[in-house]
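S.K.: To start, I am sharing the structure in question, which I have written as structure tokens.
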Amino acid sequence: MIDVSFFLALAMFAFVTSVTPGPNNIMLLASGAQFGFRRTLPHMLGIVLGVASLLLSTLLGLGALFTLYPPLYSVLKWLGCAYLLWLAWKIGSAPVGSLDNKTSGRKKSASAPMRWWQALLFQYVNPKAWMMAIGCVSTFAIAGDLYVLSGFWIIVLFAAVGFPAISMWAWAGIKIRQWLTDEKRQRGFNFVMGLATASTLLLIVGH
């Protein structure tokens with residue numbers, strides 16, 4: 001049997017690693033402010049599914065490749081950096097206009113929220129997500145007969161705890177949305193969010 005302390009420690013690890021700032025959460029903050037919570041839901045779902053697939057891949061041994069072949073992680077890191085810079089530019093230069101999608105006769109944004117499959121695939125070039133998955137499996141997976149069961153609960157608890165954790169960032173974006181009443185503020189917010197997304201490179205390059 002798996003001890004209760006396993007679930008408590010795993011849930012805490014999942015919450016802390018999911019709620020702390022990073023590329024995913026900065027983009028959710030920007031998406032919540034620009035598109036609202038409902039239209040950001042696919043983005044959040046893609047993150048949860050992407051992290052679950054990374055955990056599964058790590059449990060199946062894919063994560064061990066980074067230990068056996070360190071250059072693979074370097075390639076992943078620089079691919080992630082390049083993609084993040086592109087996302088930062090897209091966020092910072094996003095068109096501005098009415099944030100009320102139900103309002104007719106007003107200018108609407110030509111941009112669109114990230115789709116679930118795009119958010120899922122992004123996790124595979126997100127070094128923070130990989131390190132989270134590898135760290136979680138190496139810490140909480142139980143060797144022997146309980147390996148499959150502990151791996152199952154790792155994936156389930158990460159999804160159950162991670163989704164509400166990242167939702168906080170989208171809700172924070174909604175609160176900011178109320179302040180974005182004119183195009184000047186929207187442009188300023190987009191610029192700050194683009195800069196914040198780019199700044200997460202410091203977290204990636206430093207590891």
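When we follow the UniProt record's numbering, the leftmost residue of the sequence shown carries the number 1, and every step to the right adds one. Ideal placement from N, C-alpha and C gives every residue a C-beta, glycine not left out. Since the model is a prediction, treat every value here as computed from it, not as a measurement.
#1: Looking at the unbroken alpha helix (DSSP H) that takes in Pro-164, where does it start and where does it end?
#2: Which one of Ala-88, Leu-68, Ile-134 has the shortest CA to CA distance from Ala-14?
#3: Can you grab the Cα-Cα spacing for the pair Ala-82 / Leu-149, in whole Å?
#4: Is Ser-31 near Gly-188, with beta carbons less than 8 angstroms apart?
#5: Which two residues bound the contiguous alpha helix (DSSP H) that contains Ile-134?
#6: Give every residue of the same chain whose Cβ lies closer than 6 angstroms to the Cβ of Gly-194, excluding the five residues on either side of it in the sequence, and list them in chain order.
#7: Cβ of Leu-59 within 8 angstroms of Cβ of Ala-141?
#8: Once you ignore the five residues that flank Ala-119 on each side, which residues in its own chain have a CB closer than 7 angstroms to its CB?
#9: Which of the three DSSP states is assigned to Val-2 in this structure?
#10: Indicate the three-state DSSP secondary structure (helix, strand or coil) for Ala-110 in the structure shown.
#11: Kindly indicate which three-state DSSP category Ala-94 falls into: helix, strand or coil?
#12: Determine, using beta-carbon pairs with one atom in the segment 65 to 82 and one in the segment 158 to 166, whether at least three such pairs fall under 8 angstroms.
#13: Can you find the residues in the same chain that come closer than 6 angstroms, C-beta to C-beta, to residue 232, ignoring five residues on each side of it along the sequence?
#14: In whole angstroms, give me the CA-to-CA distance for Lys-128 and Met-168.
#15: Alpha helix (DSSP H) containing Gly-63: first to last residue?
#16: Within 10 angstroms of its Cβ, does Phe-152 collect 16 or more other Cβ (buried), or is it exposed?
#17: Measuring CB to CB, does Ala-198 end up less than 8 angstroms from Leu-84?
#18: For Asn-126 and Gly-80, which I take to be in contact (beta-carbon distance under 8 angstroms), what is that distance rounded to the nearest angstrom?
M.R.: Reading off the structure:
#1: Numbered from its first residue, the sequence shown carries residue 164 at position 164. 147 to 177 is the span of the alpha helix (DSSP H), which, as asked, contains Pro-164.
#2: Here residue 14 refers to the residue found at position 14 when the sequence shown is read from its first residue. Of Ala-88, Leu-68, Ile-134, the residue nearest in Cα terms is Ile-134.
#3: By 1-based counting over the sequence shown, the position of residue 82 is 82. By 1-based counting over the sequence shown, the position of residue 149 is 149. The straight-line gap from Cα to Cα measures roughly 37 angstroms.
#4: Reading the sequence shown from its first residue, position 31 is the one you call residue 31. Reading the sequence shown from its first residue, position 188 is the one you call residue 188. No. Outside cutoff.
#5: Reading the sequence shown from its first residue, position 134 is the one you call residue 134. Where Ile-134 is concerned, the enclosing alpha helix (DSSP H) stretches over 127 to 140.
#6: Stepping through the sequence shown from its first residue, residue 194 is reached at position 194. Counting only Cβ-Cβ distances below 6 angstroms, and skipping sequence neighbours, we find Ala-88, Ile-91, Gly-92.
#7: The count along the sequence shown starts at 1 and reaches residue 59 at position 59. The count along the sequence shown starts at 1 and reaches residue 141 at position 141. Yes; because the gap between Cβ atoms is below 8 angstroms, this pair is in contact.
#8: For this step, residue 119 is matched to residue 119 along the sequence shown. Within the same chain, Ala-119 has close Cβ partners His-43, Gly-46, Ile-47, Gly-50.
#9: In the sequence shown, the residue the question calls residue 2 occupies position 2. Note that residue 2 corresponds to Ile in the displayed sequence, not to Val. Reduced to three states, the DSSP call for Ile-2 is coil.
#10: Here residue 110 refers to the residue found at position 110 of the sequence shown. Any reading at Ala-110 is ruled out, since the residue's pLDDT is 49, under 50, leaving its predicted position unreliable.
#11: On the sequence shown, position 94 is the one that residue 94 refers to. Here Ala-94 carries a coil assignment [DSSP, helix/strand/coil].
#12: no
#13: Nothing about residue 232 can be reported from this structure: the residues present for the chain run from 1 to 207 only.
#14: Counted from its first residue, the sequence shown places residue 128 at position 128. Counted from its first residue, the sequence shown places residue 168 at position 168. Approximately 19 angstroms between the Cα atoms of the pair.
#15: In the sequence shown, counting from the first residue as 1, residue 63 sits at position 63. Where Gly-63 is concerned, there is no enclosing alpha helix (DSSP H), given that its DSSP letter is neither H nor E.
#16: The count along the sequence shown starts at 1 and reaches residue 152 at position 152. By the 16-neighbour rule on beta-carbons within 10 angstroms, Phe-152 is exposed.
#17: Within the sequence shown, residue 198 is the residue found at index 198, counting from 1. Within the sequence shown, residue 84 is the residue found at index 84, counting from 1. Yes. Within cutoff.
#18: Within the sequence shown, the letter at position 126 stands for residue 126. Within the sequence shown, the letter at position 80 stands for residue 80. Correct: roughly 6 angstroms between the Cβ atoms.
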